[in-house]
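Asks: Structure incoming, see below.
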Amino acid sequence: NFFGNVQALVAFMRARKRTALFLDYQKLMYPNDRIYRMKGFSSTRWTSHGSAINIIYNKFDALVEVLNKLTLSSDRITASTATNILPSITNFAFIISIILLRRIFDITTPLSNYLQSKTIDFIEAIHLVDVAKNRLSTMRSDSECENLITEAKEFSLKHKLKETDFKIIRIRKKKKLSGENTSDEVSDSAAYHYKINTYFKVIDQIINSIETRFSDARNILQDLSLLSPNRLKEIKNTNLSELPDNCFSFIAEWIKGIDKIQLKQEYITFSHSVNELFSGLNPLNSYTSLPNKNMDYCDESDDSYVSEKDENLEECKENVITIEMILHILSSYNLVTAFPNLYLAYKALGTIPASSSSAERSFSKVKIIKTRLRSTMDQCRLESLLLISSERDIDIDINEAIDQFATSSDRLKNILCFK
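All letters in the sequence shown, in the order written, are residues 1 to 419 by the UniProt record's numbering.
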């Protein structure tokens with residue numbers, strides 16, 4: 001029950017006094033290193049588990065010293081909990097598990113972060129999926145398992161732990177029946193048992209999950225990748241005959257009303273004129289806002305946290321074309337009649353998020369608004385506040401908002417509007 005032990009440790013160390021003690025021991029034992037707080041587990045972000053594991057691994061000595069001190073606490077509950085947690089994180093099974101999961105998260109975290117970003121190149125996403133799967137397949141070998149066991153032993157010796165190897169499994173011998181000439185030979189060592197029942201099993205499960213998750217979506221992702229603004233610019237010098245025969249086939253099956261042949265023609269035509277259409281538009285002022293560099297929310301009263309990473313400032317300065325801008329061009333300049341199939345494709349791409357992260361961000365906004373603004377509010381006001389919080393990249397004209405607010409009553413009109 002590795003994650004159960006980690007979650008119990010995280011929940012115990014998230015108390016303010018224990019967190020302060022943990023920070024003090026880090027300053028004492030790692031004076032030149034960065035100080036970290038214990039990260040909580042998120043129900044919507046699997047990468048939060050990796051963050052907690054990295055902190056436990058890198059600050060293991062300070063964590064053990066804190067637990068040893070807390071076992072002597074005058075508070076009975078604190079002392080009892082620390083006494084129970086300490087042996088569970090210092091045994092060899094926990095050490096080898098934390099090293100294994102740390103290696104796995106080093107492979108899967110970059111992929112997870114990219115798939116959660118707001119702007120995704122689907123071709124690059126497929127490439128990152130294949131790279132992660134190949135690296136995990138490379139880990140599934142006897143030599144890699146032996147390296148893991150060796151690293152776990154060295155870690156235990158370095159930190160002077162009592163257990164520096166697997167517990168010896170007692171060999172069970174079966175009674176030889178009459179007529180049998182040989183005895184059963186059981187050669188399964190503890191390391192062999194771990195390799196077969198834990199190491200290979202964990203890696204196989206992750207690889208199978210990746211294959212199951214992305215095998216069916218690979219074809220539709222390849223079609224959607226052609227609609228990305230970057231691919232649209234690259235395809236500018238391409239003729240209709242150079243496009244693959246099966247391109248947009250899956251989009252045509254997915255979205256009703258799209259003609260695949262017409263979509264190809266509209267796609268090539270639009271790619272030749274996209275730069276001219278945007279030459280007279282200033283997307284930086286109209287559709288993008290300066291990103292908030294501090295978009296990490298951490299709720300101390302909850303074990304979950306949500307991290308949003310927006311595009312950096314340089315991207316905004318370069319006037320990056322987004323799906324929303326293309327949709328605005330098609331709708332504002334009355335190009336829907338000229339590119340009806342392309343408009344339907346971009347409308348679906350802009351409406352349906354590529355991953356579940358967009359919906360999760362909306363749920364995080366609900367938590368922030370409901371808990372930090374008011375505990376109760378009517379549905380209309382909640383929806384308005386959610387729109388303001390979620391759609392941050394749409395600029396609001398303050399003067400227009402004031403004028404509209406002033407028209408809601410005569411008294412506000414007299415106060416806010418100039419006579």
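Cβ coordinates follow ideal geometry from the N, Cα and C atoms, glycine included.
(1) For Leu232, which residues from the same chain have a beta carbon less than 7 Å from its beta carbon, with the 5 sequence-adjacent residues on both sides left out?
(2) DSSP three-state label for Ile168, please.
(3) Measure the alpha-carbon distance for Lys256 versus Leu128 and round it to whole angstroms.
(4) Closer than 8 Å by C-beta to Ile220: which residues in its own chain qualify, once you throw out the five before and the five after it? Chain order, please.
(5) Check whether the region 104–112 touches the region 5–22, taking contact to mean three or more Cβ pairs, one atom from each stretch, closer than 8 Å.
(6) So, Leu342 versus Glu266, is the Cβ gap smaller than 8 Å?
(7) When you compare only the Cα positions, how much space is there between Leu412 and Ala406?
(8) For Glu151 versus Ile99, is the C-beta spacing smaller than 8 Å?
(9) Would you call Ser228 buried or exposed, if buried means 16 or more other Cβ atoms sit within 10 Å of its Cβ?
(10) Three Cβ pairs or more, each shorter than 8 Å: is that satisfied between the region 135–142 and the region 198–209?
(11) When DSSP labels each residue in this structure, what does Arg411 get in the three-state scheme?
(12) Thinking Ile85 and Leu9 are a contact (beta carbons under 8 Å), I'd like their distance in whole angstroms, please.
(13) Rounded C-beta distance between Lys59 and Gln26? I'm assuming under 8 Å.
(14) Between residue 420 and Leu226, what straight-line distance do the alpha-carbon atoms span, to the nearest angstrom?
(15) So, with DSSP's three-state summary, where would you put Lys59?
(16) Helix, strand or coil for His159 per DSSP?
(17) In three-state terms, what does DSSP make of Phe248?
(18) Can you list, in chain order, the residues of its chain with a C-beta nearer than 6 Å to that of Thr164? Leave out the 5 residues immediately preceding and following it.
(19) Could you give the DSSP three-state label for Thr288: helix, strand or coil?
(20) Under the rule that 16 or more other beta-carbon atoms within 10 Å means buried, what is Cys380, buried or exposed?
(21) Terminal residues of the continuous alpha helix (DSSP H) containing Lys233?
(22) Taking the straight line between their C-alpha atoms, what separation do you get for Glu211 and Arg14?
(23) Please work out which residues of its chain come closer than 7 Å, Cβ to Cβ, to Ser189, disregarding the five sequence neighbours upstream and downstream, and give them in chain order.
(24) When burial is assigned at 16 or more other CB atoms within 10 Å of the CB, is Asp223 buried or exposed?
(25) Taking only three categories from DSSP, how would you classify Tyr333?
(26) Report yes if the C-beta distance between Ile55 and Tyr36 is below 8 Å; otherwise report no.
(27) State the Cα-Cα distance for the pair Asp245 and Ile261, rounded to the nearest angstrom.
(28) What are the start and end residues of the alpha helix (DSSP H) that includes Ser117?
(29) My output table needs one value for Lys175: the three-state DSSP class, helix, strand or coil.
(30) Tell me whether Asp33 sits in a helix, a strand or coil according to DSSP, three-state version.
(31) Any idea if Phe3 is buried or exposed, counting beta-carbon neighbours within 10 angstroms, 16 or more meaning buried?
(32) Exposed or buried, which one is Arg45 when buried takes at least 16 other CB atoms within 10 Å?
(33) Using only the alpha-carbon positions, how far apart do Ala132 and Gln404 sit?
(34) Leaving out five residues before and five after Cys417 in sequence, what residues of the same chain have Cβ atoms less than 8 Å from its Cβ?
(35) Does DSSP put Ala190 in a helix, a strand or coil?
Replies: Taking the geometry as given:
(1) Correct list, in chain order: Ser271, Val274.
(2) coil
(3) 30 Å
(4) Phe250, Ile251, Trp254
(5) no
(6) yes
(7) 5 Å
(8) Between Glu151 and Ile99, the C-beta spacing is below 8 Å.
(9) buried
(10) yes
(11) helix
(12) 6 Å
(13) 6 Å
(14) Only positions 1 to 419 of the chain appear in this structure, which leaves residue 420 out of reach.
(15) coil
(16) coil
(17) coil
(18) Lys153, Ser156, Leu157
(19) Low local confidence applies: a pLDDT of 42 at Thr288 is under 50, so the model's placement there is unreliable, with the coordinate-based value given in what follows. Looking at Thr288 - three-state DSSP - the assignment turns out to be coil, as it is neither helix nor strand.
(20) exposed
(21) Lys233 -> alpha helix (DSSP H) spans 229–234.
(22) 36 Å
(23) none
(24) buried
(25) Three-state result, Tyr333: coil.
(26) Yes, the pair counts as a contact, with Cβ atoms nearer than the cut-off.
(27) 10 Å
(28) No alpha helix (DSSP H) holds Ser117; DSSP gives it neither H nor E.
(29) Collapsing the DSSP output to three states places Lys175 in coil.
(30) coil
(31) exposed
(32) So Arg45 counts as buried.
(33) 51 Å
(34) Asp403, Ala406
(35) In this structure, Ala190 counts as helix in the three-state DSSP scheme.
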